[in-house]
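K.L.:
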Amino acid sequence: MISFKKYKKLTYIITTFTLIVFTFSIVLSILVLSYKNKQEVNNISNLTEKYFKFNDSNNITFREVCEIVDNYNNSQIYLEYEPLPKYLNNDTIFGRGIYFKNCFQKSFPILEGRDFTKEEIENGEKVALVGVNFKDEVLEENNGRFFTIGEEKFKVIGILGSSERQTGYDNTFLFNLKSSDEFSDTRSSWKINIENNEALKNILNEYKKLAVNKNTSFSLEDIKKDFNLKETLNEYKDFIDILFLVFIIGILNLIIAIYYWIKKSIKEIGVRKAYGASNGKIVIHILKQYLISICIALIMGVSLHLLLKRLLIYMFPEFTFDVYYQSIIFITIIFMFIGLIAVLIPLFKAKKVKPINIMKGKLK
Numbered sequence: 010m011i012s013f014k015k016y017k018k019l020t021y022i023i024t025t026f027t028l029i030v031f032t033f034s035i036v037l038s039i040l041v042l043s044y045k046n047k048q049e050v051n052n053i054s055n056l057t058e059k060y061f062k063f064n065d066s067n068n069i070t071f072r073e074v075c076e077i078v079d080n081y082n083n084s085q086i087y088l089e090y091e092p093l094p095k096y097l098n099n100d101t102i103f104g105r106g107i108y109f110k111n112c113f114q115k116s117f118p119i120l121e122g123r124d125f126t127k128e129e130i131e132n133g134e135k136v137a138l139v140g141v142n143f144k145d146e147v148l149e150e151n152n153g154r155f156f157t158i159g160e161e162k163f164k165v166i167g168i169l170g171s172s173e174r175q176t177g178y179d180n181t182f183l184f185n186l187k188s189s190d191e192f193s194d195t196r197s198s199w200k201i202n203i204e205n206n207e208a209l210k211n212i213l214n215e216y217k218k219l220a221v222n223k224n225t226s227f228s229l230e231d232i233k234k235d236f237n238l239k240e241t242l243n244e245y246k247d248f249i250d251i252l253f254l255v256f257i258i259g260i261l262n263l264i265i266a267i268y269y270w271i272k273k274s275i276k277e278i279g280v281r282k283a284y285g286a287s288n289g290k291i292v293i294h295i296l297k298q299y300l301i302s303i304c305i306a307l308i309m310g311v312s313l314h315l316l317l318k319r320l321l322i323y324m325f326p327e328f329t330f331d332v333y334y335q336s337i338i339f340i341t342i343i344f345m346f347i348g349l350i351a352v353l354i355p356l357f358k359a360k361k362v363k364p365i366n367i368m369k370g371k372l373k
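Counting in the working numbering, the sequence shown runs from 10 upward without gaps.
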């Protein structure tokens, strides 16, 4: 059974390590959520993916691009165009157009209403899904809801989002590409996902021919949608800076706390050596205290996160503040070894010093 009384002198170590665990847990929850949101929007599947664009605006319509895909009945195909701007009085919001063939459909998070159907997409119906943060831009007309993009009006069949978390679709809108006669723009890119490489090659060749017929050119693009840690940190710079400062101060305090704890434990080491304790047993005793204090701090740090989770979500509703236990344990082990260096240095010095000097608090 653990006697917590003898761990009172470890209070500062436990407190500072609790701060480290708590801070890392909060930062990790922000980064993971951002990563999941980007993956949710950008990842379609493991199908072959290509990006392309037409190098002139106002020449080729969305409908024309989709009609070429319609000729390939034996392949699952997903087509996407972004960004597409919607101009407001004092702002501009961005969405994307989609088209899928042969029942291949991305799964979108639906907060209200329903998702696109295969028939709506392939028949070129003017339907759209709108992110929950753009809900105010939805118009109520004739017992229906509509969303305008330029001069075109789309029927809103659903609101994108989730009641449980922030999603990558909260700040965008989606519409059926085949229903629109708007033109492809040089500032935006097309993405095609397809399971058949031969069909992909043929489709791209047809797009090249379409470009030639429209007196423009066609080019493939090398676009990577990988998770960018630096970009994510910049999105929440002020918040991350505060947490990073707390994190660094916590590490420095941990090292200082360990140093003074060992200094206060010198006399105890001397007494144990005087009574015949071996160097190995003394090291084990000190390490046992240190490891138990780290375990206590780990539990307290995670508990503090869970305790404050509801308050944090209320203060910062864009985050879910989930706890990722495996990652927290991993980082705890890393910083535990950092602290271990501060523990072992004076212990190795104590091995060479007479017990009477150690009992006086001296390591020389």
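Ideal Cβ positions, reconstructed from N, Cα and C, are used throughout, including at glycine.
Beta-carbon within less than 6 Å of Leu-148's beta-carbon, same chain only, minus the 5 sequence neighbours each way: which residues are those?
P.N.:
Along the sequence shown, one-based indexing puts residue 148 at 139. Here the set comprises Phe-155.
K.L.:
Assign Phe-330 to buried or exposed, taking buried as 16 or more other Cβ atoms, counted over all protein chains shown, within 10 Å of its Cβ.
P.N.:
The residue labelled residue 330 in the question sits at position 321 within the sequence shown. Label assigned to Phe-330: buried.
K.L.:
In angstroms, rounded to a whole number, what distance separates the CA positions of Thr-32 and Ser-172?
P.N.:
By one-based count along the sequence shown, residue 32 stands at place 23. By one-based count along the sequence shown, residue 172 stands at place 163. Between Thr-32 and Ser-172, the C-alpha separation is close to 26 Å.
K.L.:
Check whether the Cβ atoms of Lys-110 and Ile-86 lie closer than 8 Å to each other.
P.N.:
Here residue 110 is taken as the residue at index 101 of the sequence shown, counted from 1. Here residue 86 is taken as the residue at index 77 of the sequence shown, counted from 1. In contact: Lys-110 and Ile-86 (Cβ atoms closer than 8 Å).
K.L.:
Between the Cα of Asn-83 and those of Glu-131, Ala-208, Leu-97, Ile-166, spot the shortest distance and give me the residue it belongs to.
P.N.:
Position 74 of the sequence shown, counted from the first residue, corresponds to residue 83. Taking only the C-alpha atoms, the option nearest Asn-83 is Ala-208.
K.L.:
Going by the CB atoms, is the gap between Ser-198 and Lys-62 shorter than 8 Å?
P.N.:
Mapped onto the sequence shown, residue 62 falls at position 53. Mapped onto the sequence shown, residue 198 falls at position 189. Yes. Within cutoff.
K.L.:
Tell me which residue opens and which closes the beta strand (DSSP E) that Lys-144 is part of.
P.N.:
Taking the first residue of the sequence shown as position 1, residue 144 is located at position 135. Note, Lys-144: premise wrong, no beta strand (DSSP E); not H, not E.
K.L.:
Which class does Ser-193 belong to by DSSP, given the choice of helix, strand or coil?
P.N.:
Your numbering for residue 193 matches position 184 in the sequence shown. Three-state result, Ser-193: coil.
K.L.:
What does DSSP give as the partner residue(s) for Pro-70 in the beta ladder?
P.N.:
Here the question's residue 70 lines up with position 61 in the sequence shown. In the sequence on display, residue 70 carries Thr and not Pro. Looking at the DSSP assignment, Thr-70 forms a beta bridge with Phe-192.
K.L.:
In the DSSP output, what is Lys-62 paired with across the bridge?
P.N.:
Numbered from 1 along the sequence shown, position 53 holds the residue referred to as residue 62. According to DSSP, Lys-62 bridges with Ser-228.
K.L.:
Going by beta carbon distance, what residues of the same chain come within less than 7 Å of Gly-140, once the five residues before and after it are set aside?
P.N.:
Mapped onto the sequence shown, residue 140 falls at position 131. Leu-169, Gly-170, Tyr-178, Asp-179, Asn-180, Thr-181, Phe-182, listed in sequence order.
K.L.:
Let me know if Asn-55 comes out buried or exposed under the rule of 16 or more other beta-carbons within 10 Å of its beta-carbon.
P.N.:
Working through the sequence shown from its first residue, we reach residue 55 at position 46. Because Asn-55 sits at a pLDDT of 48, beneath the cut-off of 50, its placement in the model cannot be relied upon, and the point is left open.
K.L.:
Less than 8 Å between the C-beta atoms of Leu-138 and Tyr-108, yes or no?
P.N.:
For the purposes of this step, residue 138 is taken as the residue at position 129 of the sequence shown. For the purposes of this step, residue 108 is taken as the residue at position 99 of the sequence shown. Cβ distance not < 8 Å, so Leu-138 and Tyr-108 don't count as in contact.
K.L.:
Going by DSSP in three states, Ser-172 sits in which element: helix, strand or coil?
P.N.:
The residue labelled residue 172 in the question sits at position 163 within the sequence shown. Here Ser-172 sits in coil by DSSP.
K.L.:
Give the DSSP-derived three-state secondary structure of Met-10 in the structure shown.
P.N.:
Residue numbering aside, residue 10 sits at position 1 when the sequence shown is read from its first letter. Only weak support is given to the placement of Met-10: the predicted model assigns it a pLDDT of 46, under 50, and the question is left unresolved by the model.
K.L.:
Going by other Cβ atoms of all chains shown within 10 Å of its Cβ, with 16 needed for buried, is Tyr-90 buried or exposed?
P.N.:
Along the sequence shown, one-based indexing puts residue 90 at 81. That one is buried.
K.L.:
For Arg-72 versus Lys-187, is the C-beta distance shorter than 8 Å?
P.N.:
For the purposes of this step, residue 72 is taken as the residue at position 63 of the sequence shown. For the purposes of this step, residue 187 is taken as the residue at position 178 of the sequence shown. Yes, these two residues count as a Cβ contact at 8 Å.
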